């Protein structure tokens with residue numbers, strides 16, 4: 001049976017791949033509320049969980065006195081990333097791309113229009129289903145790159161924000 005793969009991202013700079021057998025080799029001891037002692041071979045670490053967001057699997061840890069931002073991806077997260085299906089979590093997105101091939105059924109916005117996050121901006125028909133495309137953030141529409149009835153490919157630029 002294959003081991004589950006995990007990927008740790010530390011301070012958005014370093015990435016570490018671990019599998020369940022790697023994790024089983026670690027010696028982790030809880031020493032107090034939110035504080036642990038980790039032994040990995042000859043290395044020893046004191047870890048305090050300062051903040052945690054279980055939904056996004058993001059943690060602020062104090063490791064041997066130094067603050068570290070750590071996010072964890074499991075094998076399903078990694079597969080979704082590999083398939084290109086990752087939903088962007090940043091609100092600094094300035095473009096909307098087609099998530100799949102299809103046909104634009106309706107353009108619900110105009111250039112220069114102010115929209116709120118999650119307002120409908122386009123309707124894309126794909127596989128005989130209508131998909132309402134929502135604004136990823138509040139802002140002003142800079143350019144609309146598609147028209148009603150236009151066929152689009154996955155990843156094609158649809159809308160730009162200012």
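Numbering (full-length UniProt numbering), first residue to last: 1 to 162.
Ideal Cβ placement from N, Cα and C applies to all residues, glycine included.
Note that the structure is a prediction, hence the values are computed from the model and not measured.
Limits of the alpha helix (DSSP H) - the one that residue i falls within
| i | result |
| --- | --- |
| residue 187 | No information on residue 187 is available, as it lies outside the stretch 1 to 162 that the chain covers here. |
| residue 71 | Unbroken run through residue 71 is the beta strand (DSSP E), 66 to 73; no alpha helix (DSSP H). |
Contacting residues, own chain, Cβ-Cβ under 7 angstroms from residue i (five flanking each side not counted)
| i | result |
| --- | --- |
| residue 163 | An answer regarding residue 163 cannot be provided, because it is not within the stretch 1 to 162 covered by the chain. |
Beta-carbon proximity of residue i to residue j, cut-off 8 angstroms
| i | j | result |
| --- | --- | --- |
| residue 111 | residue 144 | yes |
| residue 73 | residue 161 | no |
| residue 99 | residue 108 | no |
| residue 106 | residue 148 | yes |
| residue 93 | residue 159 | no |
N-terminal and C-terminal residue of the beta strand (DSSP E) that residue i is part of
| i | result |
| --- | --- |
| residue 137 | From DSSP, residue 137 is part of no beta strand (DSSP E); its letter is neither H nor E. |
| residue 102 | 102 to 107 |
Spatial neighbours of residue i in its chain, beta-carbon cut-off 8 angstroms, leaving aside the 5 residues before and after
| i | result |
| --- | --- |
| residue 174 | Not covered by the structure: residue 174. The range shown for the chain is 1 to 162. |
| residue 15 | 7, 8 and 9 |
| residue 153 | 98 and 101 |
| residue 19 | 3, 4, 5 and 6 |
| residue 13 | none |
Per DSSP, cross-strand counterpart(s) of residue i
| i | result |
| --- | --- |
| residue 115 | 139 |
| residue 58 | 53 and 71 |
Supposed contact pair residue j and residue i - C-beta distance, whole angstroms, cut 8 angstroms
| i | j | result |
| --- | --- | --- |
| residue 97 | residue 26 | Incorrect: roughly 40 angstroms between the Cβ atoms, too far for contact. |
Sequence-distant residues of the same chain with beta carbon closer than 6 angstroms to residue i, five excluded per side
| i | result |
| --- | --- |
| residue 199 | The first residue shown for the chain is 1 and the last is 162, placing residue 199 beyond what the model contains. |
| residue 132 | 120 and 123 |
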